[in-house]
Every structure is written in C-alpha cells, then in structure tokens.
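Enquirer: I am attaching a structure below and will ask some questions about it afterwards.
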Amino acid sequence: MTRYLRPRTLNEALALRAGDGPLTVLAGGTDVYPVRTQRAAWFEPHNRDLLDLSLIPELAGIDHGPDGIRIGAMATWSAIAEADVPPAFDALKQASRQVGGVQIQNRATIGGNLCNASPAADGVPPLLALEADVELAGPDGSRRLPLASFVLGNRKTALAPGELLVAIHVPAQPAQARSTFKKLGARAYLVISIASVAINLALDEQGRIASLRIAVGACAAAPQRLSGLEARLLGQVPSPALAGSVSASDLAVLSPIDDVRASAAYRRDAALVLVRRALAGLLSSPLEVAA
Numbered sequence: 005m006t007r008y009l010r011p012r013t014l015n016e017a018l019a020l021r022a023g024d025g026p027l028t029v030l031a032g033g034t035d036v037y038p039v040r041t042q043r044a045a046w047f048e049p050h051n052r053d054l055l056d057l058s059l060i061p062e063l064a065g066i067d068h069g070p071d072g073i074r075i076g077a078m079a080t081w082s083a084i085a086e087a088d089v090p091p092a093f094d095a096l097k098q099a100s101r102q103v104g105g106v107q108i109q110n111r112a113t114i115g116g117n118l119c120n121a122s123p124a125a126d127g128v129p130p131l132l133a134l135e136a137d138v139e140l141a142g143p144d145g146s147r148r149l150p151l152a153s154f155v156l157g158n159r160k161t162a163l164a165p166g167e168l169l170v171a172i173h174v175p176a177q178p179a180q181a182r183s184t185f186k187k188l189g190a191r192a193y194l195v196i197s198i199a200s201v202a203i204n205l206a207l208d209e210q211g212r213i214a215s216l217r218i219a220v221g222a223c224a225a226a227p228q229r230l231s232g233l234e235a236r237l238l239g240q241v242p243s244p245a246l247a248g249s250v251s252a253s254d255l256a257v258l259s260p261i262d263d264v265r266a267s268a269a270y271r272r273d274a275a276l277v278l279v280r281r282a283l284a285g286l287l288s289s290p291l292e293v294a295a
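Going by the working numbering, the sequence shown opens with residue 5, and the numbers climb by one from there.
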C-alpha cells in the first residue's frame with residue numbers, strides 16, 4: 005500500500021528520502037497526480053510512496069538579500085507573479101501567469117517545474133536569463149549548481165540519490181535591467197509551449213548593451229542560452245534594426261524535434277520570430293542607462 009509521508013523539517017525529509025524504499029516527491033502535485041492515474045511509462049512507478057514537502061519552512065518564501073533573491077523550491081507560480089521583485093524578473097512573472105490556469109498556478113511550484121525537467125518548462129528560460137543557481141541538499145550536505153548544469157535534458161536533472169531541491173538563488177541584477185518572456189502554443193492559454201523565449205537586457209552609461217541573456221525553451225532537450233547571439237549584440241546601440249538583424253544562424257545551437265505539437269522546422273522558425281519580437285519589444289521601450 006502506498007504511504008503518504010509529510011515531514012515538517014528538511015532534515016526529516018532527507019532522512020525519509022534516504023530510506024530503504026523509493027519515493028515520489030510531491031511538491032504542488034499538478035504533475036504527479038495526472039501521471040499516477042495515467043501510469044506514464046517515462047515517469048516513476050505509480051505505486052511509490054509519496055513524500056509531501058509542503059510543510060517544510062526551509063523550502064518556502066521569496067527572500068531579498070544583499071547578494072540577490074532566494075526563491076524557495078515550494079514557492080507557487082501565483083506567489084512569484086505577485087512578488088515584489090525588480091523589473092529584471094518581469095520575464096519570470098510573465099511566465100508564471102502562463103503555467104496552466106489560475107488553479108494550477110496556485111498549487112504548482114517552481115521547484116516542481118525544474119525537477120520535472122520538461123524541455124518546454126516555462127520557468128526555465130526566464131531563470132536561465134537571470135543566471136540562477138539551484139541549492140540542493142542531500143545526505144552529504146548542501147551544494148549549489150548553475151541552473152544550466154542542473155537541467156540536463158528531457159526529464160533529466162543533476163539531482164543525486166537522496167537529494168532535494170531546496171531553493172533557487174538569483175544574483176543581484178543591474179538596477180536598470182529589464183526582461184520579457186514570449187511563448188507560442190497551439191492556443192492562447194493552458195497549453196504546452198511550441199517555443200518560448202526569455203530575454204534579460206541592461207544598458208551601460210553610454211546607452212549601449214552591457215548585459216544580454218537570451219534563453220529559448222522547447223527547442224532542445226533542455227532550454228538553451230544563445231550565447232553566440234548575446235556576444236554579437238553586446239556593446240551595440242539599441243535600435244529596432246538590431247532585432248531584425250537576428251538570423252537563423254544565431255539559433256544554430258538549438259536542436260528542436262518533430263512531435264505532435266510542431267515540426268522541428270516550425271519550431272526553428274517560431275523561435276526566430278519570438279527572439280526578434282522579444283528583443284524588439286525591449287529595445288523599443290524606454291530603457292534606463294547605468295548610473
């Protein structure tokens with residue numbers, strides 16, 4: 005018979021995680037319950053014991069500190085959408101309002117989204133554009149990894165046996181940084197991404213691009229940064245023509261697949277359009293320069 009385990013501390017949860025039997029970790033439950041009823045072959049066996057993390061205070065909250073912002077793994081998408089955070093987080097807040105419907109956003113957690121490791125996860129591109137790290141805890145203590153080193157591919161993460169995701173750490177962003185998120189799906193709402201893009205941009209004292217991070221989702225086994233394009237545009241003067249200069253070759257790092265939602269070719273075209281539109285939107289709005 006399946007057991008339902010609900011620890012109240014992180015140490016208690018780690019002790020249970022290190023126990024004899026395998027566990028299914030339960031955060032918001034918005035992915036676990038449908039999968040357990042459908043018994044999808046690529047997920048964990050449906051009859052595993054459940055480890056509910058919802059009562060653990062170390063996994064909660066969105067906290068500001070001198071080095072940046074800490075987002076607890078159990079923070080819901082609704083909490084993130086309503087959080088008092090700088091404009092650099094706009095892309096993450098925009099993405100949070102596109103993760104299912106409001107009922108899902110009230111339950112689903114950012115930690116669950118990352119650990120689920122879907123190539124189309126809406127939370128990953130904005131966090132990549134923020135250069136986020138993840139904090140992991142396990143039987144050997146705590147460690148931190150860049151998010152890009154944590155999400156390894158389709159349903160694959162760098163979680164070691166016995167580990168749990170505790171928090172996401174976002175380093176302090178330039179005060180003038182702005183960001184945006186764009187997503188394409190088969191309809192406007194309640195849809196898995198065909199392609200998604202998050203961009204974080206800041207200008208220097210001369211009004212040139214001093215910081216630029218562009219991440220694309222649903223177009224590779226894991227969301228990818230477009231580091232070549234970022235490097236090419238650094239130091240440029242913002243203009244509408246700059247967005248139009250982005251070409252298919254700038255997205256060559258992507259490796260989309262054909263599936264029921266779209267062909268690989270369509271995904272490539274969609275990603276290019278989304279990058280251009282997101283960049284044009286940021287460059288056409290008033291941007292602050294560094295003090």
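C-beta atoms are modelled at their ideal positions from N, C-alpha and C, and glycine is treated no differently.
Bear in mind the structure is a predicted one, so any value in this text is a computation, not a measurement.
#1: How far does the beta strand (DSSP E) with Ala-17 in it reach, from first residue to last?
#2: Keeping to the same chain, check which residues put their C-beta closer than 7 Å to that of Gln-102; ignore five residues upstream and five downstream.
#3: With burial defined as no fewer than 16 other Cβ atoms inside 10 Å of the residue's Cβ, what is the status of Ala-17: buried or exposed?
#4: Give me, in chain order, the residues of the same chain whose beta-carbon lies closer than 8 Å to that of Trp-46; leave out the 5 immediate sequence neighbours on both sides.
#5: Leu-131 to Arg-52, Cα distance in whole Å?
#6: Alpha carbon to alpha carbon, how far is Ala-284 from Ala-245? Give it in angstroms, no decimals.
#7: From the DSSP secondary-structure annotation, give me the bridge partner or partners of Asp-137.
#8: Taking three-plus beta-carbon pairs below 8 Å as touching, is the region 204–221 in contact with the region 172–186?
#9: Rank Gln-228, Ile-198, Leu-291, Ala-222 by C-alpha distance to the C-alpha of Val-257 and give the top, closest one.
#10: So is Glu-234 buried or exposed if we call it buried at 16+ other beta carbons inside 10 Å?
#11: My understanding is that Val-155 touches Ala-133, with C-beta atoms under 8 Å, so please give their C-beta distance in whole angstroms.
#12: So with Cβ pairs under 8 Å, would you call Ala-83 a contact of chain D?
#13: I'd like to know if the region 214–233 and the region 258–268 are in contact, where contact means that at least 3 CB-CB pairs between them fall below 8 Å.
#14: What is the rounded straight-line gap between the Cα of Ile-218 and the Cα of Gln-107?
#15: Which residue marks the beginning of the beta strand (DSSP E) containing Val-201, and which one marks its end?
#16: Can you tell which of Asn-15, Leu-63, Ser-197, Arg-21 has its C-alpha closest to the C-alpha of Ser-267?
#17: Thinking C-beta only, is Val-36 closer than 8 Å to Leu-168?
#18: Name the two residues that bound the continuous alpha helix (DSSP H) containing Ala-83.
#19: Return the CA-CA distance between Ser-153 and Pro-143, expressed in angstroms with no decimal places.
#20: Should Asp-254 be labelled buried (16 or more other beta-carbon atoms within 10 Å of its own) or exposed?
#21: Rounded to the nearest angstrom, what separates Ala-252 and Gly-221 at their Cα positions?
#22: If you drop the 5 nearest sequence neighbours on each side, which residues of the same chain put their C-beta closer than 7 Å to that of Asp-71?
#23: Taking Cβ positions, are Pro-242 and Ile-213 nearer each other than 8 Å?
#24: With distance defined between alpha-carbon atoms, name the residue in Ala-164, Pro-150, Gly-239, Arg-271 nearest to Ala-190.
#25: Should Pro-26 go down as buried or exposed, given a rule of 16 or more other Cβ atoms within 10 Å for buried?
#26: Glu-292 to Gln-180, Cα distance in whole Å?
Expert: Short version:
#1: Position 13 of the sequence shown holds residue 17. No beta strand (DSSP E) holds Ala-17; the alpha helix (DSSP H) holding it covers 14–21.
#2: Here residue 102 refers to the residue found at position 98 when the sequence shown is read from its first residue. So the qualifying residues of the chain are Asp-126, Lys-187.
#3: On the sequence shown, residue 17 is found 13 positions in, with the first residue counted as 1. Buried, since its Cβ has 16 or more Cβ neighbours within 10 Å.
#4: Along the sequence shown, one-based indexing puts residue 46 at 42. Interpretation of Trp-46 is limited by its pLDDT of 44, a score under 50 that renders its predicted location unreliable; no figure is taken from the coordinates.
#5: To locate residue 131, count along the sequence shown from 1; it is residue 127. To locate residue 52, count along the sequence shown from 1; it is residue 48. Approximately 31 Å, taken between the alpha carbons.
#6: Position 241 of the sequence shown holds residue 245. Position 280 of the sequence shown holds residue 284. Near 8 Å, if we compare the C-alpha coordinates of Ala-284 and Ala-245.
#7: Here residue 137 refers to the residue found at position 133 of the sequence shown. Pro-150, His-173, per the DSSP bridge assignment.
#8: yes
#9: Taking the first residue of the sequence shown as 1, we reach residue 257 at position 253. Among Gln-228, Ile-198, Leu-291, Ala-222, the Cα nearest to that of Val-257 belongs to Gln-228.
#10: On the sequence shown, residue 234 is found 230 positions in, with the first residue counted as 1. With 16 or more Cβ atoms within 10 Å of its Cβ, Glu-234 is classed as buried.
#11: The residue given as residue 155 occupies position 151 in the sequence shown. The residue given as residue 133 occupies position 129 in the sequence shown. With a Cβ gap of about 14 Å, Val-155 and Ala-133 do not count as contacting.
#12: The structure shown has no chain D; it contains just one protein chain.
#13: yes
#14: Position 214 of the sequence shown, counted from the start, is the residue given in the question as residue 218. Position 103 of the sequence shown, counted from the start, is the residue given in the question as residue 107. Distance between the alpha carbons of Ile-218 and Gln-107: 29 Å.
#15: Position 197 of the sequence shown holds residue 201. First-last of the beta strand (DSSP E) with Val-201: 199–207.
#16: Translated into positions along the sequence shown, residue 267 becomes position 263. Ranking Asn-15, Leu-63, Ser-197, Arg-21 by Cα distance to Ser-267 puts Ser-197 first.
#17: For the purposes of this step, residue 168 is taken as the residue at position 164 of the sequence shown. For the purposes of this step, residue 36 is taken as the residue at position 32 of the sequence shown. Not closer than 8 Å, so no.
#18: Taking the sequence shown and counting its residues from 1, one reaches residue 83 at position 79. 81–85 is the span of the alpha helix (DSSP H), which, as asked, contains Ala-83.
#19: Taking the first residue of the sequence shown as 1, we reach residue 153 at position 149. Taking the first residue of the sequence shown as 1, we reach residue 143 at position 139. Roughly 20 Å between the two C-alpha positions.
#20: The residue labelled residue 254 in the question sits at position 250 within the sequence shown. So Asp-254 ends up on the buried side.
#21: As a working note, residue 252 is residue 248 in the sequence shown. As a working note, residue 221 is residue 217 in the sequence shown. Each residue's Cα considered, the two are about 16 Å apart.
#22: Locating residue 71 in the sequence shown gives position 67, counting from the first residue. Excluding residues within five positions, the ones whose Cβ falls inside 7 Å are Pro-175, Ala-176.
#23: Counted from its first residue, the sequence shown places residue 242 at position 238. Counted from its first residue, the sequence shown places residue 213 at position 209. Yes, they are a contact pair.
#24: Walking along the sequence shown from the start, residue 190 turns up at place 186. Comparing Cα positions, the closest option is Arg-271.
#25: The residue labelled residue 26 in the question sits at position 22 within the sequence shown. The residue in question, Pro-26, is exposed, as its Cβ has fewer than 16 Cβ neighbours within 10 Å.
#26: In the sequence shown, residue 292 corresponds to position 288, counting from 1. In the sequence shown, residue 180 corresponds to position 176, counting from 1. Using only the alpha carbons, I get a separation of about 5 Å.
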